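Following: one structure in structure tokens, then a few remarks.
And the structure:
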């Protein structure tokens with residue numbers, strides 16, 4: 058949450074000299090998948106990503122730029138590109154203003170499980186081992202997929218809004234076949 062707030066502040070600050078108003082949506086994701094086939098682990102995959110969508114508004118004209126690098130130079134470049142793109146747009150006839158700081162987002166920590174967020178491939182193997190053991194015992198073949206992941210999204214704007222939500226997920230899918 059604090060890292061997201063700090064990054065949103067940096068991005069909005071870069072946009073403030075180039076736009077009447079600005080909004081940033083941050084999203085990050087980490088995922089891990091372990092595939093099983095023929096009663097054994099056959100593949101582990103890991104993915105991590107983060108991006109920010111910056112929207113600037115100038116005199117009823119708006120534009121968005123997506124960035125995935127967060128060094129000062131990349132942020133300044135994104136703010137400049139968004140302002141230039143907005144300047145080239147026609148004015149919006151039906152334009153909704155940004156929410157102001159009077160909106161309060163309720164924190165929901167019930168969607169986050171720390172153990173799931175920190176899961177490693179060994180935890181996936183441990184979760185699927187009972188299925189493999191039962192399959193081997195009965196002369197069957199098990200295949201499947203164990204997935205865990207964590208994601209976060211934050212919304213901030215130049216009118217003082219900040220909202221943050223994080224969530225984790227996990228799933229196990231299995232198919233067990235007889236030899237015939």
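Residue numbers (our numbering): 58 to 237. Glycine is no exception: its CB is placed at the ideal position from the N, C-alpha and C atoms. This structure is a prediction, so every number in the text was calculated from the model and none was measured.
Judged by beta-carbon spacing, residue 117 lies within the 9 Å limit of residue 149, meaning their Cβ atoms are closer than that value.
Residue 158 is not bridged by DSSP to any residue. Contact between residue 93 and residue 227 does not hold, since their C-beta atoms are separated by about 15 Å, which reaches or exceeds 8 Å.
In the three-state reduction of the DSSP assignment, residue 163 falls in the coil class, being assigned neither a helical nor a strand state. Burial check for residue 63: the Cβ neighbour count within 10 Å stays below 16, so the residue is exposed. In the three-state scheme derived from DSSP, where H, G and I count as helix and E and B as strand, residue 64 is classed as helix. The Cβ atoms of residue 177 and residue 89 sit closer than 9 Å to each other.
The continuous alpha helix (DSSP H) containing residue 173 extends over residues 171-174. Partner residues in the beta bridge of residue 105, as assigned by DSSP, are 87. For residue 143, the closest alpha carbon among the candidates 185, 76, 190 is that of 76.
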